[in-house]
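The structure under discussion appears below in the form of structure tokens.
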Amino acid sequence: MASQSMEIMAKALEQQVLQSARMVEEQLDAELGKLERMDDDEMEKLKERRMEALKKSQKQKQEWLGKGHGEYKEIPSEKDFFPEVKESNRVVCHFYRDSTFRCKILDKHLSVLAKKHLETKFIKLNVDKAPFLTDRLRIKVIPTLALVKDGKTKDYIVGFTDLGNTDEFPTEVLEWRLGCSDIINYSGNLMEPPTLTQKSGSKFIKVEKKTIRGEDTTQTLKTTRRPCLRRRRTISSPLLFR
1 MASQSMEIMA
11 KALEQQVLQS
21 ARMVEEQLDA
31 ELGKLERMDD
41 DEMEKLKERR
51 MEALKKSQKQ
61 KQEWLGKGHG
71 EYKEIPSEKD
81 FFPEVKESNR
91 VVCHFYRDST
101 FRCKILDKHL
111 SVLAKKHLET
121 KFIKLNVDKA
131 PFLTDRLRIK
141 VIPTLALVKD
151 GKTKDYIVGF
161 TDLGNTDEFP
171 TEVLEWRLGC
181 SDIINYSGNL
191 MEPPTLTQKS
201 GSKFIKVEKK
211 TIRGEDTTQT
221 LKTTRRPCLR
231 RRRTISSPLL
241 FR
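Position 19, counted from 1, in the sequence shown is what the UniProt record's numbering calls 19; the numbers after and before it change by one each time, with no gaps.
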């Protein structure tokens with residue numbers, strides 16, 4: 001009985017694969033037919049449009065690189081934060097502390113994403129050198145990623161809660177989370193996160209807090225300011241500087 005069920009499932013899967021292959025083949029045939037029907041003038045215009053698009057893309061890439069995109073870098077102080085976010089439309093800023101282990105985990109993933117997503121600037125800032133910013137942006141947990149778009153704080157990623165609440169999340173999960181805030185050009189499915197490793201059999205969101213060497217690896221900033229009674233807005237909240 002079990003073998004019969006497996007055989008039925010295998011046949012159904014085979015039919016799905018064949019149907020997908022036929023659809024791709026039909027699309028390719030349609031494109032080839034369209035190209036074959038073009039005359040020389042139309043082909044030349046198509047080449048020109050593609051060349052123009054390629055030149056425009058290359059120019060944009062050079063502009064991004066000139067503004068410091070393509071690398072994950074540290075800015076020396078909070079005063080350097082302002083020009084960084086003004087010259088780039090999309091910025092991911094990692095507010096970190098050297099003594100927080102999870103910040104080093106984020107560093108690894110952000111270095112990878114900075115090279116992949118040239119459209120976004122990736123920077124980091126030590127909270128001990130940024131008392132004004134951490135206070136004005138109400139950053140209380142380290143690490144925190146501030147996602148800035150068009151001069152406004154669009155969202156925050158606080159700790160690892162949105163990343164599966166585990167230290168072992170893959171880069172693809174952080175990439176997906178950034179894509180959900182439209183801070184990078186994400187080509188995957190925004191409706192659900194990429195599947196985490198199944199070795200532990202865990203689901204995406206874990207309830208338990210992950211620790212390293214018996215110590216909680218997420219830190220809470222100590223401030224002398226009174227607690228804010230109003231709930232912090234994390235979506236499309238205005239950046240408090242221009």
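Beta carbons are placed, not taken as given, at the ideal position from N, Cα and C, and that holds for glycine.
Check: For residue 106 versus residue 83, is the C-beta distance shorter than 7 Å?
Finding: no
Check: Along the chain, which unbroken stretches of the alpha helix (DSSP H) at least 4 residues long are found entirely within the region 133 to 196?
Finding: 171 to 180
Notebook entry, point to check: If you run the structure through DSSP and keep just helix, strand and coil, what is residue 121?
Noted result: strand
Item checked: Residues that DSSP places opposite residue 26 in a beta bridge -> Per DSSP, none; premise fails for residue 26.
Checklist line | Local Cβ density within 10 Å of residue 53, reported as buried at 16 or more and exposed below that | finding: exposed
Next item on the list: Name the residue from 121, 48, 34, 139 whose alpha carbon lies nearest to the alpha carbon of residue 90.
Entry: 121
Margin query: Less than 7 Å between C-beta atoms, sequence neighbours within five positions excluded: which residues of the same chain meet that for residue 131?
Written below: none
Margin query: Please classify residue 157 as buried or exposed, where buried requires at least 16 other C-beta atoms within 10 Å of its C-beta.
Written below: buried
Check: Which class does residue 74 belong to by DSSP, given the choice of helix, strand or coil?
Finding: strand
Margin query: If you reduce the DSSP assignment to three classes, tell me which class residue 109 lands in.
Written below: helix
Next item on the list: List the whole-angstrom C-beta distance separating residue 64 from residue 119, where the pair is believed to meet the contact cut-off of C-beta under 8 Å.
Entry: 7 Å
Next item on the list: Compare the beta carbon distance of residue 109 and residue 171 with 7 Å and say whether it is the shorter of the two.
Entry: yes
Next item on the list: Report the residue from 97, 116, 177, 160 whose alpha carbon sits nearest the alpha carbon of residue 129.
Entry: 97
Item checked: Collapsed DSSP secondary structure at residue 90 in the structure displayed -> strand
Check: Going by other Cβ atoms of all chains shown within 10 Å of its Cβ, with 16 needed for buried, is residue 8 buried or exposed?
Finding: exposed
Notebook entry, point to check: Just checking my contact of residue 184 with residue 192 at CB under 8 Å: how many whole Å lie between their CB atoms?
Noted result: That belief does not hold up - the Cβ atoms of residue 184 and residue 192 are roughly 17 Å apart, past 8 Å.
Check: With C-beta atoms as the reference, is residue 273 less than 7 Å away from residue 147?
Finding: No information on residue 273 is available, as it lies outside the stretch 1 to 242 that the chain covers here.
Next item on the list: Could you check the C-alpha separation between residue 126 and residue 62 for me, to the nearest Å?
Entry: 28 Å
Item checked: residue 88 burial status per 10 Å Cβ neighbour count (16 or more: buried) -> buried
Check: With C-beta atoms as the reference, is residue 246 less than 7 Å away from residue 78?
Finding: Because the chain here runs from 1 to 242, residue 246 falls outside it and cannot be looked at.
Notebook entry, point to check: Near residue 150, which residues of its chain fall below 7 Å by C-beta distance, leaving aside the five closest residues on each side in sequence?
Noted result: 89
Notebook entry, point to check: If residue 153 and residue 137 are in contact, beta carbons under 8 Å, what's the gap, nearest whole angstrom?
Noted result: 7 Å
Check: Thinking C-alpha only, which one of 123, 169, 159 is nearest residue 140?
Finding: 159
Notebook entry, point to check: The alpha helix (DSSP H) with residue 43 in it runs from where to where?
Noted result: 40 to 66
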